[in-house]
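Undergrad: Sequential numbering from 1 applies to the sequence shown in the UniProt record's numbering.
Take a look at the following structure, please.
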Amino acid sequence: MSFLLFLRGLVGVLLVVAITTYVMTQSLWTTFVQTLICAVLIQVGYFAVVLFLVWRSADKTRHVESAANEAELQNAPNEIPQARKVGRLPEVPHSGHS
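Right under this line is the structure:
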């Protein structure tokens, strides 16, 4: 969810809460306090959801990496191939160190 979309929703909800509270209580102070409490609760909820999404994303990444490592280990050969002796390349002078 983009921040702009969240901000529009937050302002909309806070306006509904403020209007409803003022109609019910006819008190500006009560309206202000309850709207402020609502804003804090929404912010805490948004933070918790973002934190959860980051945690879940990291968990999926870890799971995919471990599955890839397991597949790589299963496909790897069991023995290390022996080193082969390499012959002289054509047109390359011999160094004399053999």
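Here a beta-carbon is modelled for each residue, glycine too, at the ideal position from N, C-alpha and C.
On a predicted model such as this, the values are computed, not experimentally measured, just so you know.
Could you check if Thr35 is buried or exposed, using at least 16 other CB atoms within 10 Å of its CB as the buried criterion?
TA: Counted from its first residue, the sequence shown places residue 35 at position 35. Burial call: buried.
Undergrad: Could you tell me the distance, in whole angstroms, from the CA atom of Thr21 to the CA atom of Val11?
TA: By 1-based counting over the sequence shown, the position of residue 21 is 21. By 1-based counting over the sequence shown, the position of residue 11 is 11. Taking the straight line from one Cα to the other gives about 15 Å.
Undergrad: Skipping 5 residues on each side, what residues in its chain have a beta carbon closer than 8 Å to that of Phe6?
TA: Along the sequence shown, one-based indexing puts residue 6 at 6. Hits under 8 Å: Tyr46.
Undergrad: What would DSSP say about Ser57, mapped onto helix, strand or coil?
TA: For the purposes of this step, residue 57 is taken as the residue at position 57 of the sequence shown. DSSP places Ser57 in helix when its eight states are reduced to three.
Undergrad: Check Val44 in the structure and name its three-state DSSP category.
TA: Residue mapping note: residue 44 aligns to position 44 of the sequence shown, counting from 1. DSSP places Val44 in helix when its eight states are reduced to three.
Undergrad: Quick one: residues in its chain with C-beta nearer than 7 Å to the C-beta of Ile42, no 5 flanking neighbours on either side, listed in chain order?
TA: The sequence position of residue 42 within the sequence shown is 42, counting from 1. Result list for Ile42: Leu10, Val13, in chain order.
Undergrad: Just to confirm, are residue 182 and Ala18 a CB contact at a threshold of 8 Å?
TA: The structure shown does not extend to residue 182, since the chain spans only 1 to 98, so no value can be given for it.
Undergrad: With a threshold of 8 Å on Cβ separation, who are the neighbours of residue 145 within its own chain once the five nearest residues in sequence on each side are excluded?
TA: The structure shown does not extend to residue 145, since the chain is modelled only from 1 to 98, so the question has no answer here.
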